[in-house]
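Colleague: Chains as they are written, first to last, in this note's numbering: chain A, 1170 to 1600; chain B, 170 to 419.
For every residue, glycine included, the Cβ atom is placed at its ideal position computed from N, Cα and C.
Only a predicted model underlies this, so the values are computations on that prediction, with no experimental measurement involved.
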Amino acid sequence: MSDQTAAPAQPQRRSFLSTLEVDTRLLGMIGAFVIVCLVFNVLTDGRFLTPRNIFNLSIQTVSVAIMATGMVFVIVTRHIDLSVGALLATCTAVMAMTQTQILPQMMGLEIGHPLIPWITVLVGLLTGALIGGFQGYLIGYQMIPAFIVTLGGLLIWRNVAWHMTDGQTIGPLNETFLLFGGINGTLGVFWSWIVGLAAAAAAAVGLLMARRTKISHGFPVKPMWAEVAVIGAVIAAILGFVAVLNSYTVPDRVVARDLARWGCETAENCNAAYGIPYSVLLLIVVAVVMTVIAQRTRLGRYIFATGGNPDAAELSGINTKMLTVKIFAMVGVLCALGGIVASARLGYHTNDIGTLDELRVIAAAVIGGTALSGGVGTIYGAIIGALIMQSLQSGMAMVGVDAPYQNIVVGFVLVLAVWIDIQYRKFSGAK
Amino acid sequence: MATPLVELKDISIAFGGVKAVDHVSLDLYPGEVVGLLGHNGAGKSTLIKCLSGAYRKDAGEILINGKHAEINNPRDARAHNIETIYQTLALADNLDASANLFLGRELTTAFGTVDDGRMEAETRKIMGRLNPNFQKFHAPVSALSGGQRQSVAIARAVYFNAKILIMDEPTAALGPQETQMVAELIQELKREGLGIFLIDHDVHQVKELCDRAAVMKNGQLVGVVKVDEVSTDDLLAMIIAGKKPEHLAA
């Protein structure tokens, strides 16, 4: 047939990158991120790439990045969700009310009871899932366009939160709950290394297992040196990130406030460091789970198939209506998780929490290579997209760029990123 | 004669005020190819979509192996071993050949995750039988030629042991060589005892590939004839004039 000339004879000389079989799009995005970081580092006289700023950058990104992983599935199936910021606000309002008022006053659990934070989290996740699932039902079964349902949702849930709290700031939040905020809850040096080493080992084992599976089916594999190089790069990246977070030392005055937490007798010469924040750990877990869903489960396969050709998916017996409900329920849960991190970082539920997050989340997914035409998108892309957005914003703030110019630049970058992605796809021959 | 594999009894379906299919009855026996002929809009595709579950009939009954069958969606049809190869090539363009072949029926590992390795191996096996030149196992199907895409669609039906195969203009997008390949495949499937509904525009092809031909016009069945007993002109007359040839109109 017609492919006789093109396919079988692989050219002997393959380029370095194609031998490594790494995703060139991923490399491109990491490259863009590195350039953004280096430019800001120069402009801020080296203040941008300090452990302290990298730590802050990572905890600032978590909330939006968590939601962006869900937005990938939404956009891949050719929908959109404009309600994530408002849904986050409703979830944090519910959680704030639950832990400060409902549980202590109505259920009789005294403030500080160890069950309070976990019941709160459960209630929050349930709220997100129910609201998201309901919106998905309206979109999937009642055929109302997602744009309309979630635009309505944006108005409704933002103001449901307002109504519930009478517009007041609700706090202080539970001590344990606050651990998810970032700087209040970190693993410390020892456990950060343990987690880092475990992650590195898991990555290496995973890559080698994939290679073994390929060999067992008799598929071609890349040369061993290429495999080792990729594994080495992954391990270096993981341990490098841990090393940076572990070199952000806790200031003496902070140690002095809580000597027991940092395991020191005195504040001086303590040399305690923060390590990996729980919130970043949460993001990593979310990213791994969402990537597994996307690549290794039927659910993910159906999400991408539906995005590529909704009719084909339907004709293949996929229940695309129920699929829509599941996707939006997932986004709802992720909004609740993002809400936990966002409100714990602030220490309060505020009336304007999550405002404009829908736009940041959509921008992160789109900068990360998710195509609005459906069928294409990656979880890691969305997270790097969120990182790039956050780096631009905090970088420009550090340089002292005026607020209007900050947003102009971010808007410009959004359009530019999509244009580059389109050019890349044309060049690489992908659709 | 044996029980028909499929009996469509008095099927009707209307869209708005238009009767797309108007009280049509048709049957299909094992090892038989029945061609469906007619102009665009004659109702052939609509009739067959009632069997494949893409449309829900307004009235009438479907019997599979002599038993009443309720087919309300494509999943029901698959449960009755009915596989459809659509004119529009119902493939997800962004996925590769094996993901498309197993779409909706993925092989899974012990952990419940999709087993891409095993699926690719199975795909390589069946494609090696149907289209030995096929090599692009990792490219999205959007990068394949019309014939390659069609062979993926046919492989899907064959792999899952279809008993009843519906082909909606399977060769419309193909070159002569690829058309020949599909024709040979149909003969092979027929020998294996499948019943095939073949929707086509080309009367020559129907005469060549089919045992019987059903002609439709304006949603109604003009007649069902054995292709050996009619000429292509007779078939054309049935399509255009909507009348059975005189020597058969007893």
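Is B/Thr-282 close to chain A, meaning its C-beta is less than 7 angstroms from at least one C-beta of that chain?
Modeller: For B/Thr-282, the answer is yes, since a Cβ of chain A falls inside 7 angstroms of its Cβ.
Colleague: Would you say A/His-1386 faces chain B, with C-beta separation under 7 angstroms as the test?
Modeller: Chain B contact via Cβ: present.
Colleague: To the nearest angstrom, how far is the alpha carbon of B/Ala-326 from that of A/Ala-1372?
Modeller: Near 38 angstroms, if we compare the C-alpha coordinates of A/Ala-1372 and B/Ala-326.
Colleague: What does DSSP give as the partner residue(s) for B/Gly-364 in the beta ladder?
Modeller: B/Gly-364 is bridged to B/Ile-333.
Colleague: State the Cα-Cα distance for the pair A/Pro-1479 and B/Thr-282, rounded to the nearest angstrom.
Modeller: Using only the alpha carbons, I get a separation of about 22 angstroms.
Colleague: Any idea which residues DSSP pairs B/Asp-196 with across the strands?
Modeller: Partner(s): B/Glu-176.
Colleague: Just reading off the beta strand (DSSP E) that B/Gly-388 is part of, what are its end residues?
Modeller: No beta strand (DSSP E) contains B/Gly-388, which DSSP labels as neither H nor E.
Colleague: State the DSSP-derived secondary structure class of B/Ala-238, mapped to helix, strand or coil.
Modeller: Residue state, collapsed to three classes: coil.
Colleague: Indicate whether the contact test is met: 3 or more Cβ pairs, each with one atom in the segment 357 to 366 of chain B and one in the segment 192 to 207 of chain B, closer than 8 angstroms.
Modeller: Yes, the segment 357 to 366 of chain B touches the segment 192 to 207 of chain B.
Colleague: Would you say B/Leu-276 reaches chain A, if we count a Cβ-Cβ gap shorter than 7 angstroms as a contact?
Modeller: Cβ-Cβ to chain A under 7 angstroms: no for B/Leu-276.
Colleague: Let me know the secondary structure DSSP gives B/Ala-211 once reduced to three states.
Modeller: Note: B/Ala-211 maps to coil in three-state DSSP.
Colleague: Report buried or exposed for A/Val-1160, applying the criterion of at least 16 other Cβ atoms within 10 angstroms of its Cβ.
Modeller: Absent from the structure is residue 1160 of chain A, since the part of chain A shown begins at 1170 and ends at 1600.
Colleague: Step through the CB atoms of chain B and report whether any lies within less than 7 angstroms of the CB of A/Gly-1544.
Modeller: Yes, contact with chain B.
Colleague: When DSSP labels each residue in this structure, what does B/Asp-402 get in the three-state scheme?
Modeller: The answer is helix: DSSP assigns B/Asp-402 an H, G or I state.
Colleague: Name the chain A residues that come within less than 8 angstroms of B/Arg-247, Cβ to Cβ?
Modeller: The answer, in chain order, is Gly-1486.
Colleague: Closest Cβ-Cβ distance between B/Asp-371 and chain A: below 7 angstroms?
Modeller: It does not: the Cβ of B/Asp-371 has no partner Cβ on chain A nearer than 7 angstroms.
Colleague: So which residues on chain B does A/Ala-1369 lean against when the C-beta distance must stay under 8 angstroms?
Modeller: Here the premise fails: no neighbours, minimum Cβ distance about 22 angstroms.
Colleague: Would A/Tyr-1517 and A/Leu-1492 qualify as a contact pair, given that the criterion is a beta-carbon distance under 7 angstroms?
Modeller: The answer is no: Cβ separation not under 7 angstroms.
Colleague: Do you know offhand how far A/Phe-1242's Cα is from A/Lys-1495's?
Modeller: Each residue's alpha carbon lies about 10 angstroms from the other.
Colleague: Give the DSSP-derived three-state secondary structure of A/His-1518 in the structure shown.
Modeller: Note: A/His-1518 maps to strand in three-state DSSP.
Colleague: Is it buried or exposed for A/Ser-1542, if we count other Cβ within 10 angstroms and need 16 for buried?
Modeller: Result: exposed.
Colleague: So does the segment 217 to 225 of chain B actually touch the segment 1428 to 1440 of chain A, counting three or more Cβ pairs closer than 8 angstroms?
Modeller: The segment 217 to 225 of chain B vs the segment 1428 to 1440 of chain A: no contact.
Colleague: In the structure shown, what three-state DSSP assignment does A/Asp-1571 receive?
Modeller: In this structure, A/Asp-1571 counts as coil in the three-state DSSP scheme.
Colleague: Are at least three pairs of beta-carbons, each pair with one atom in the segment 1307 to 1321 of chain A and one in the segment 1243 to 1259 of chain A, less than 8 angstroms apart?
Modeller: Yes, the segment 1307 to 1321 of chain A is in contact with the segment 1243 to 1259 of chain A.
Colleague: List the whole-angstrom C-beta distance separating A/Ala-1315 from A/Ile-1325, where the pair is believed to meet the contact cut-off of C-beta under 8 angstroms.
Modeller: Not confirmed; about 15 angstroms, so no contact.
Colleague: So with Cβ pairs under 7 angstroms, would you call A/Ala-1474 a contact of chain B?
Modeller: Yes, because at least one Cβ of chain B sits closer than 7 angstroms to the Cβ of A/Ala-1474.
Colleague: Which partner residues of B/Leu-205 appear in the DSSP bridge assignment?
Modeller: Bridge partners of B/Leu-205: B/Ile-368 and B/Ala-383.
Colleague: Thinking C-alpha only, which one of B/Gln-374, B/Val-175, B/Ala-324 and B/Leu-272 is nearest A/Gly-1469?
Modeller: Selected option, being the one with the closest Cα: B/Leu-272.
Colleague: Could you tell me whether the Cβ of A/Asn-1438 comes closer than 7 angstroms to any Cβ of chain B?
Modeller: No, its Cβ sits nowhere closer than 7 angstroms to a Cβ of chain B.
Colleague: Just verifying my parser: in three-state terms, what is the DSSP assignment at B/Lys-226?
Modeller: The answer is coil: DSSP assigns B/Lys-226 none of H, G, I, E or B.
Colleague: Distance check for A/Ala-1566 and A/Pro-1573, CA to CA, integer angstroms please.
Modeller: Taking the straight line joining both Cα atoms gives about 11 angstroms.
Colleague: May I ask which residues mark the beginning and end of the alpha helix (DSSP H) holding A/Glu-1396?
Modeller: Run containing A/Glu-1396: 1393 to 1415, per the alpha helix (DSSP H) assignment.
Colleague: Starting from A/Thr-1466, find everything on chain C with Cβ-Cβ shorter than 8 angstroms and list it in chain order.
Modeller: The structure shown has no chain C; the protein chains it does contain are A and B.
Colleague: Can you tell me which of A/Phe-1202, A/Ala-1463, A/Ala-1586 and A/Phe-1209 puts its alpha carbon nearest to the alpha carbon of A/Gly-1544?
Modeller: The residue with the shortest Cα to Cα distance from A/Gly-1544 is A/Ala-1463.
Colleague: Taking only the alpha-carbon atoms, compute the straight-line gap between A/Ala-1533 and A/Gln-1575 and give it to the nearest angstrom.
Modeller: Between A/Ala-1533 and A/Gln-1575, the C-alpha separation is close to 16 angstroms.
Colleague: Helix or strand or just coil, what does DSSP make of A/Ala-1456?
Modeller: In the structure shown, A/Ala-1456 sits in a helix (DSSP, three-state: H, G or I).
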